[in-house]
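If you read the sequence shown in the numbering used here, its first letter stands for residue 6, the second for the next number, and so on. Report on one structure; see the data block that follows.
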Amino acid sequence: MPYSTSLQWLSLVGIIWLQVINGTNTNFPAYSSQLKQLLSISQVELNNLAFASDAGKLFGWFSGLAAIYLPLWLVLIVGSFLGLIGYGVQYLFITNHISYLSYWHVFFLTFLAGNSICWINTVCYVVAIRNFLSDRQVAVGLTTSYQGLSAKIYTNVADVVSSHNNKAKTFLFLNSIVPVAVCLTLAPIVREIEVKNSKHSSVVFALMFVITIATGIYAVISSLQIFTNKISSLGVLIGILVSLLLPLLLPVCVKIKEIVESLHKKRERLRIYHFTMEENINKERIESYVKEGDDEVEDGCVMEEIGVKLMLKRMNFWLYFFVYFFGATIGLVFLNNLGQIAESRGCSGTSYLVSLSSSFGFFGRLIPSLLDYFYRGKHTISRPASMVAVMAPTACAFFLLLNKTDIALYISTAVIGVSTGAISSTAISTTTELFGTKNFSVNHNVVVANIPIGSFLFGYSAALIYRKQGNGHGKCMGMECFSDTFIIWGSFSCLGTLLALILYFRTRKFYSQNQ
C-alpha cells in the first residue's frame, strides 16, 4: 500500500532542513583567524586544517556503501555523531575542559568532522532521488541549494549568542550540537516513501521555488551591511528561520487536500454497490502508476549505467573530474581562505563576506534546478555547457581580485560563490546522467574526492606564498599576500573552462538525442 503523498513532500522539507545545517565546513572562514590565534599555529598549519575538513570527503564513499547495506536513518545518525565527536572535542579543548590535544589530534578531529558531512549528504541525495523519480534532478538541485545558506545561518546565530572574541568557541559548539539535534529529530521523516507518481508535483514544486527564491532574496539583502545597520542580528536571524519554516506549509496543504478527497470518496462509496469492480479498477491504476514510475527511471537520460571500476576508465570521467577540480574546488579553497584574504587587505567585514558568499552560493545551487524545472519534458540541459557558462566568470573574478578596492573583493566573492554553488549542484545531475543512478552514492563520492586533493594543493601553495610575502612571520598584510595566488587560480580556472568545453563536445550527441 503506497504512503500518503504528503509524507513524500514532508521528506523533501526534511531534506531541506538537513542541508541547511550540514554545511558546517563552510563557516570555517568566519572563525579561522581567531582559531589560528587560539591554537598558536601558522598560516600553513591553518590551511592544513581546512584541508583536513575537505580530506574527510576522500572516505565519503564509505557513506555510499553504508547507504546500500544499512537503514538510511542509521546512516544519518552515524554522520551526525561523527560531527559531534569531531567538533565537540575541539570545543572542549579550546574551552579548557580537555587539558591537552596535539596539533595532529586537532587535524584528525577536523578530518572526522569533514567526513560526517558526506554521510548526511548521501542520505539527502538518496532519499530525494528515490522519492521523486521523475523529478529527481529538480528535487536534488532544489534541496542542495539550501546548503548554501549554512554559513549565513551559523554566522547569524553566532552574532546573536556570542561576542566577537568568542566566535571560534561558538562556531565549534554550534557545529557539534546542531546537526545531531536536527538529525535525531528528522530521522523518522527523511526516508523512502512508496509513492510512484505524485499528481500535482509541478504545482507544488512551483510553490516551493517561489518560497526558495524569496528566502534567497532575503538572505542576500540581509547580508548587506546597509541592511544590518538598520536591523538587529536577532531580527535577521528570526527572519531567516521563519523563511525556513515556510516550506512546511506545502505538505500541510497536500495533507488537507488528501483528507478532503478521502471524505469525498467515502461519501461516493455509500452510493456505489459494485465494490469488486471498483477494487479491480484501483488495482489497475496502482499497477499503471508503478509501471509509469519504472519507465521514468529507465528513461534515456543516462549515458551508461556503470560502477566505479568502469567509470575510472572513462575519459569523460577524468575530464569531468578536472573540470570540478579547476572550478568548484578552487572556489571552495578561496572561500576557505576568505578570512585571511579579507584580513590581509585590511577589510574588517569578514562576517559580511561569509554571509554574502553563502547567500550567492545558495542562488548558484538553485539556478540549475530552476532550469531543470522549466525545461523538464522538453529537452535535457547539457551539464558541461552549463559548467562552461559559470566557469568563465570565475576566472574573471580571480583576476578582478588584483584590484585592491573592497568593492572588487565583494563582487568577486559573490561571483565565485554563485559559480561554486552552481557547479556543486550541477555535478550531482552530471554524475547520474553520465554514469547512471544505480551506483550514484558511491560514484559521486569518488568524484568529489577531488575536493580534498585540490584543497591541499591549492591551499598549501597559497599558504606558502602568504608566508613568503610575510617574510616568514605569522601574519602578512597587503595586496601582495595573495596576488600571485589569484593569478594562479585564475589561470587554472581558464584551463577548467577549456576542459569543460571539450567535455561538452564529447557529450553533445548524447544530450542532443534527449531533446
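C-beta atoms are modelled at their ideal positions from N, C-alpha and C, and glycine is treated no differently.
So, is residue i buried or exposed, given that buried needs 16 or more other C-beta atoms within 10 angstroms?
i: L524; result: Residue numbering for the chain in the displayed model covers 6 to 520; residue 524 lies beyond these limits and cannot be assessed.
i: M482; result: exposed
i: N120; result: buried
i: E438; result: buried
i: T220; result: buried
i: V208; result: exposed
i: R196; result: buried
i: N476; result: exposed
i: R472; result: buried
i: T355; result: buried
i: L315; result: exposed
i: H449; result: buried
i: Q518; result: exposed
i: P76; result: exposed
i: N101; result: exposed
i: R388; result: buried
i: A432; result: buried
i: D300; result: Confidence is the limiting factor: at D300 the pLDDT is only 40, short of 50, which leaves the residue's position unreliable and the question unanswerable from this model.
i: F510; result: exposed
i: K514; result: exposed
i: T512; result: buried
So residue i packs on residue j, CB below 8 Å; how close in whole Å?
i: L189; j: T115; result: Actually they are not in contact, since the Cβ atoms of L189 and T115 sit about 23 Å apart, beyond 8 Å.
i: A156; j: V359; result: 5 Å
i: T148; j: I21; result: 5 Å
i: A467; j: M396; result: In fact, because the Cβ distance is near 19 Å, the residues do not count as touching under 8 Å.
i: D164; j: S238; result: 4 Å
i: Y3; j: I428; result: No information on residue 3 is available, as it lies outside the stretch 6 to 520 that the chain covers here.
i: D311; j: G441; result: The amino acid at residue 311 is misidentified as Asp; the sequence shows Ile. About 6 Å; that satisfies the 8 Å criterion.
i: I1; j: L251; result: Here the chain comprises residues numbered 6 to 520, so residue 1 is not present and cannot be evaluated.
i: L508; j: N321; result: 7 Å
i: I158; j: V25; result: 6 Å
i: A144; j: L17; result: 6 Å
i: E344; j: S37; result: What sits at residue 344 in the sequence shown is Gly, not Glu. At roughly 4 Å, the Cβ-Cβ gap stays under 8 Å, so G344 and S37 are in contact.
i: L337; j: S460; result: 7 Å
i: S434; j: P373; result: 7 Å
i: F331; j: G495; result: F331 to G495, Cβ: 11 Å. No contact.
i: K62; j: I335; result: Their Cβ separation, rounded to whole angstroms, is 15 Å, which puts K62 and I335 out of contact at 8 Å.
i: P256; j: N27; result: With 8 Å as the limit, P256 and N27 do not qualify as a contact, their Cβ atoms being about 21 Å apart.
i: Y378; j: I386; result: Actually they are not in contact, since the Cβ atoms of Y378 and I386 sit about 11 Å apart, beyond 8 Å.
Taking 7 Å as the cut-off, is the C-beta of residue i nearer than that to any heavy atom in the ligand FMN?
i: T435; result: Questions concerning the ligand FMN fall outside what the structure shown contains, since it holds no ligand whatsoever.
Cβ contact (3+ pairs, closer than 8 Å) linking the region 79-88 and the region 124-140: Below 8 Å, enough C-beta pairs join the region 79-88 and the region 124-140 to call them touching: three or more.
Within the region 64-101, ranges of the alpha helix (DSSP H) (whole runs, at least 4 residues): Segments of the alpha helix (DSSP H) lying fully in the region 64-101: 66-74 and 77-99.
Every unbroken alpha helix (DSSP H) inside the region 122-172 [4 residues or more]: Fully enclosed alpha helix (DSSP H) runs of 4 or longer: 141-150 and 155-166.
Stretch pair the region 57-74 + the region 92-108: three plus CB contacts closer than 8 Å: The way I'd put it, the region 57-74 doesn't touch the region 92-108; fewer than three beta-carbon pairs between them come closer than 8 Å.
Within the region 186-271, ranges of the alpha helix (DSSP H) (whole runs, at least 4 residues): The qualifying runs are 206-226, 230-233 and 238-250.
Whole alpha helix (DSSP H) elements within the region 353-399, 4-residue minimum: Those alpha helix (DSSP H) runs which fall completely within the region 353-399 and span 4+ residues are 355-380.
Contact the region 342-350 vs the region 106-114: 3+ CB pairs below 8 Å: No, the region 342-350 does not touch the region 106-114.
Segment contact, 8 Å Cβ cut-off, at least three pairs: the region 393-411 with the region 259-266: Three or more Cβ pairs closer than 8 Å define a contact, and the region 393-411 falls short of that threshold against the region 259-266.
Validate contact between the region 166-177 and the region 362-369 using beta carbons, cut 8 Å, 3 pairs: As far as the Cβ criterion goes, the region 166-177 does not touch the region 362-369, which means the pair count is below three.
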